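J.: Everything in the sequence shown is counted per our numbering, starting at 1 for the first residue and increasing by one.
All C-beta atoms in this analysis are idealised placements derived from N, C-alpha and C, irrespective of residue type, glycine included.
Quantities reported herein were computed from a predicted structural model and do not represent experimental measurements.
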Amino acid sequence: MKHRGRHRRRRRGKALRATLAGTALALTAAATLISTSQATDADDPGALKPLTASEETAPLRLSEDHVPPEWLDRLSSEMGGPVGVRAVLDDTDGSLRGAESCTDDDRRALPVEPAATRAYCWDGADVEGWRPGAVTTSGDADDDGRWGPSRVVLSAWSRDGTTADGTAADSPAVPAAGAGRGLARVAFIDAGDPDDLRYTWAQLAVPVAGGRDYRGLVSPVTGMVWYQDKLLVTAGRGDGSALYVYDVDRVQRATVDGATVGRVPGGWSAAGARYVLPAVAAYRTAGADAPRPGGISLDRSTAPDSLVAHEAVPEDHDGPTRLWRYAFDDGGARAGLLATDPLLKAEPVSAYETELTHVHSVLSYGAGWYLGRTTGTADERGTLWRQDTEGARPTRCGADETHRCWSGPSESLSYWQETGEVWSQSGRMLFALPLESVDGSLD
Numbered sequence: 001m002k003h004r005g006r007h008r009r010r011r012r013g014k015a016l017r018a019t020l021a022g023t024a025l026a027l028t029a030a031a032t033l034i035s036t037s038q039a040t041d042a043d044d045p046g047a048l049k050p051l052t053a054s055e056e057t058a059p060l061r062l063s064e065d066h067v068p069p070e071w072l073d074r075l076s077s078e079m080g081g082p083v084g085v086r087a088v089l090d091d092t093d094g095s096l097r098g099a100e101s102c103t104d105d106d107r108r109a110l111p112v113e114p115a116a117t118r119a120y121c122w123d124g125a126d127v128e129g130w131r132p133g134a135v136t137t138s139g140d141a142d143d144d145g146r147w148g149p150s151r152v153v154l155s156a157w158s159r160d161g162t163t164a165d166g167t168a169a170d171s172p173a174v175p176a177a178g179a180g181r182g183l184a185r186v187a188f189i190d191a192g193d194p195d196d197l198r199y200t201w202a203q204l205a206v207p208v209a210g211g212r213d214y215r216g217l218v219s220p221v222t223g224m225v226w227y228q229d230k231l232l233v234t235a236g237r238g239d240g241s242a243l244y245v246y247d248v249d250r251v252q253r254a255t256v257d258g259a260t261v262g263r264v265p266g267g268w269s270a271a272g273a274r275y276v277l278p279a280v281a282a283y284r285t286a287g288a289d290a291p292r293p294g295g296i297s298l299d300r301s302t303a304p305d306s307l308v309a310h311e312a313v314p315e316d317h318d319g320p321t322r323l324w325r326y327a328f329d330d331g332g333a334r335a336g337l338l339a340t341d342p343l344l345k346a347e348p349v350s351a352y353e354t355e356l357t358h359v360h361s362v363l364s365y366g367a368g369w370y371l372g373r374t375t376g377t378a379d380e381r382g383t384l385w386r387q388d389t390e391g392a393r394p395t396r397c398g399a400d401e402t403h404r405c406w407s408g409p410s411e412s413l414s415y416w417q418e419t420g421e422v423w424s425q426s427g428r429m430l431f432a433l434p435l436e437s438v439d440g441s442l443d
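(1) When the distance is taken between beta carbons, is SER412 closer than 8 angstroms to GLY295?
(2) Can you tell me where the alpha helix (DSSP H) holding VAL497 begins and where it ends?
(3) Grab me the residues of CYS121's own chain with a C-beta within less than 6 angstroms of its C-beta, minus the 5 sequence neighbours each way, in chain order.
(4) Report whether the distance from the Cβ of PHE328 to the nearest heavy atom of the ligand NAP is below 7 angstroms.
(5) Please return the same chain residues whose Cβ sits closer than 6 angstroms to the Cβ of GLY267, not counting the five positions on each side in sequence.
(6) With a cut-off of 8 angstroms on the beta carbons, I'd call TRP406 and GLY368 a contact; round off their distance for me.
(7) Count the other C-beta atoms from every protein chain shown that fall within 10 angstroms of the C-beta of ASP196, then say buried if there are 16 or more, exposed otherwise.
(8) Between the C-alpha atoms of ASP439 and THR395, what's the straight-line distance to the nearest angstrom?
(9) Tell me which residue opens and which closes the alpha helix (DSSP H) that GLU64 is part of.
(10) Helix, strand or coil for VAL438? Go by DSSP, reduced to three states.
(11) Suppose you measure from the CA of TYR244 to the CA of ARG386; what does that come to, to the nearest Å?
(12) Identify every residue that forms a DSSP beta bridge with VAL218.
(13) In three-state terms, what does DSSP make of GLN110?
(14) Please report the Cβ distance between SER63 and ARG284, rounded to the nearest whole angstrom; I am assuming they are in contact, meaning their Cβ atoms lie under 8 angstroms.
(15) Run the CB neighbour count on SER37, radius 10 Å, all protein chains shown included, and call it buried at 16 or more, exposed below.
(16) On the DSSP bridge assignment, give the partners of ASP190 in chain order.
(17) Distance, Cα to Cα, ASP126 vs SER150?
(18) Taking the CB atoms as reference points, tell me whether ALA339 and ALA327 lie closer together than 8 angstroms.
(19) Which one of VAL349, SER410, ARG250, GLY124 has the shortest CA to CA distance from VAL206?
(20) So GLY258 packs on SER269, CB below 8 angstroms; how close in whole Å?
(21) I'd like to confirm the pairing. Which residues does DSSP put opposite ARG74 in its beta bridges?
(22) What residues in its chain sit with their C-beta under 8 angstroms from that of PRO59, if we drop five residues either side in the sequence?
(23) Determine the direct distance from the alpha carbon of LEU110 to that of ALA99, and round the result to whole angstroms.
(24) Give me the Cβ distance between LEU442 and VAL422, rounded to the nearest whole Å; I'm assuming they're in contact under 8 angstroms.
(25) Measuring only the C-alpha atoms, how far is LEU298 from GLY332?
Structure below.
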């Protein structure tokens with residue numbers, strides 16, 4: 001296992017690309033045909049507009065709050081101590097299927113152009129009633145692409161239903177996110193063998209009652225970044241938090257297979273998952289009207305590495321949409337946390353406005369911002385744009401005049417720098433493709 005303060009190697013390994021043969025990535029005719037009703041795309045959003053005035057950037061400030069260490073220690077002790085990521089990976093719940101074994105309906109969620117070079121689908125029974133969310137990888141966690149000896153993908157899901165409802169909790173550091181429907185969980189996927197991806201579920205939780213119990217996180221996970229030993233996850237609107245912070249070195253075993261979350265007679269339950277990941281901190285927005293991160297991703301092209309975000313907005317929002325970034329702290333004692341001032345305030349280091357609407361995913365690398373945009377209903381394809389301060393270009397759909405050839409409502413873009421791949425998830429499909437193929441498809 002890697003530890004905080006370790007020396008991080010700045011190198012690129014050889015790209016690991018698993019090419020699916022023949023029809024494995026060939027979408028059905030229904031999947032590749034784009035209806036004439038989709039022929040009109042969004043207007044050119046033009047260049048990004050930098051936001052520099054204090055009244056424009058101040059609402060983006062975050063406050064960092066920590067769960068009391070004694071709470072975490074008590075919970076860890078009473079649950080029998082944490083286990084490592086490798087132990088979780090070895091305790092498999094199931095396997096993903098290669099694209100050639102997925103249904104036509106599932107494969108319709110894949111992008112048409114640029115095409116995925118890896119694609120997998122979830123067993124429908126295992127994710128029935130759950131909504132797919134964000135993706136991050138060990139390529140985010142460390143620049144050599146591994147966590148210890150392992151290549152790992154994390155895939156977030158939440159139960160269909162409500163978002164955070166603001167139920168009060170005992171911790172002033174991490175306010176409650178409600179209970180019942182909307183529980184969020186993460187699959188730890190062993191990606192060491194590209195032909196055999198195996199996963200294990202862990203319930204995202206929040207310590208309560210002085211660390212003597214925990215409750216489930218109730219939030220759609222539209223953004224997630226694993227950086228060093230921390231996992232940053234977007235929070236729902238109901239509890240005042242913008243991001244929750246988890247420590248992957250604090251994964252705990254559940255001891256009771258029950259439908260509830262928390263302490264139960266005889267032990268600890270995690271809504272059917274066999275592992276629990278308790279939050280260690282949270283970031284709150286600066287005020288009730290402050291924008292909230294909708295999607296987040298890691299940018300390793302900056303110094304220091306940075307967290308980028310797009311604004312979460314209602315479906316009827318007609319723009320503009322704000323984009324911004326925070327620097328990560330490069331001190332060993334604060335591994336995986338955002339850079340803050342002495343009052344634990346995280347200030348944005350840059351911010352922009354885009355005229356693009358319905359933004360559902362964000363990635364930044366070099367000078368470009370890659371923005372996934374949904375269009376129309378969930379059955380319609382989206383568009384993928386590359387935008388900067390000079391202008392904007394969408395990926396094109398071959399000879400078709402439309403630019404609607406990206407996946408459906410994909411809520412995540414994660415760049416694995418060591419392999420050159422962008423990972424995403426749409427419907428029951430988890431997929432990857434080279435960033436260079438995105439750039440090569442720009443109109």
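T.: Looking at the coordinates:
(1) By 1-based counting over the sequence shown, the position of residue 295 is 295. By 1-based counting over the sequence shown, the position of residue 412 is 412. By the CB criterion at 8 angstroms, GLY295 and SER412 fall inside the cutoff.
(2) Not covered by the structure: residue 497. The range shown for the chain is 1 to 443.
(3) For the purposes of this step, residue 121 is taken as residue 121 along the sequence shown, with counting starting at 1. If the five residues before and after CYS121 are omitted, its C-beta is found closer than 6 angstroms to the C-beta atoms of ARG97, CYS102, ASP106, ARG428, MET429, all from its own chain and listed in chain order.
(4) The model on display carries no ligand, and the ligand NAP is accordingly not part of it.
(5) Residue 267 sits at position 267 when you count from the first residue of the sequence shown. Hits under 6 angstroms: THR255, VAL256.
(6) For this step, residue 406 is matched to residue 406 along the sequence shown. For this step, residue 368 is matched to residue 368 along the sequence shown. The pair is not a contact, with the Cβ atoms about 16 angstroms apart (cut-off 8 angstroms).
(7) Locating residue 196 in the sequence shown gives position 196, where the first residue counts as 1. So ASP196 ends up on the exposed side.
(8) Position 439 of the sequence shown, counted from the first residue, corresponds to residue 439. Position 395 of the sequence shown, counted from the first residue, corresponds to residue 395. Here the alpha carbons of THR395 and ASP439 stand approximately 8 angstroms from one another.
(9) Position 64 of the sequence shown, counting from 1, holds the residue named residue 64. Premise fails: GLU64 lies in the beta strand (DSSP E), 62-66, not in any alpha helix (DSSP H).
(10) Numbered from its first residue, the sequence shown carries residue 438 at position 438. Correct three-state label for VAL438: helix.
(11) Numbered from 1 along the sequence shown, position 244 holds the residue referred to as residue 244. Numbered from 1 along the sequence shown, position 386 holds the residue referred to as residue 386. Taking the straight line from one Cα to the other gives about 28 angstroms.
(12) The residue you call residue 218 lines up with position 218 of the sequence shown. Paired residue(s): LEU183.
(13) If you number the sequence shown from 1, residue 110 lands on position 110. Here the sequence assigns Leu to residue 110, which means Gln is not the residue at that position. LEU110 sits in coil when the DSSP states are folded into three classes, being neither helix nor strand.
(14) To locate residue 63, count along the sequence shown from 1; it is residue 63. To locate residue 284, count along the sequence shown from 1; it is residue 284. Yes, they are in contact, since the Cβ atoms of SER63 and ARG284 sit about 5 angstroms apart, within 8 angstroms.
(15) Taking the first residue of the sequence shown as 1, we reach residue 37 at position 37. Any answer about SER37 is weak, because its pLDDT of 35 lies below 50 and its placement is not dependable; what the coordinates show is given next. It counts as exposed.
(16) Numbered from its first residue, the sequence shown carries residue 190 at position 190. Bridge pairing for ASP190: VAL152, ARG198 [DSSP].
(17) As a position in the sequence shown, residue 126 is number 126, starting the count at 1. As a position in the sequence shown, residue 150 is number 150, starting the count at 1. Distance between the alpha carbons of ASP126 and SER150: 24 angstroms.
(18) Reading the sequence shown from its first residue, position 339 is the one you call residue 339. Reading the sequence shown from its first residue, position 327 is the one you call residue 327. It is a contact, given that the beta carbons lie within the stated cut-off.
(19) Along the sequence shown, one-based indexing puts residue 206 at 206. Here the closest residue by C-alpha is ARG250.
(20) Taking the sequence shown and counting its residues from 1, the one referred to as residue 258 is at position 258. Taking the sequence shown and counting its residues from 1, the one referred to as residue 269 is at position 269. Sure, about 4 angstroms apart at Cβ, within 8 angstroms.
(21) Walking along the sequence shown from the start, residue 74 turns up at place 74. Within the DSSP secondary-structure output, ARG74 pairs in no beta bridge.
(22) In the sequence shown, counting from the first residue as 1, residue 59 sits at position 59. Annotation for PRO59: THR285, ALA286, GLY287, ASP289, ALA290, PRO291 place their beta carbon closer than 8 angstroms to its own, counting only its chain and skipping 5 residues before and after.
(23) Your numbering for residue 99 matches position 99 in the sequence shown. Your numbering for residue 110 matches position 110 in the sequence shown. Rounded to whole angstroms, the separation of the alpha carbons of LEU110 and ALA99 is 10 angstroms.
(24) Here residue 442 corresponds to residue number 442 of the sequence shown, with the count starting at 1. Here residue 422 corresponds to residue number 422 of the sequence shown, with the count starting at 1. About 14 angstroms; that fails the 8 angstroms criterion.
(25) Within the sequence shown, residue 298 is the residue found at index 298, counting from 1. Within the sequence shown, residue 332 is the residue found at index 332, counting from 1. The alpha-carbon atoms of LEU298 and GLY332 are separated by roughly 18 angstroms.
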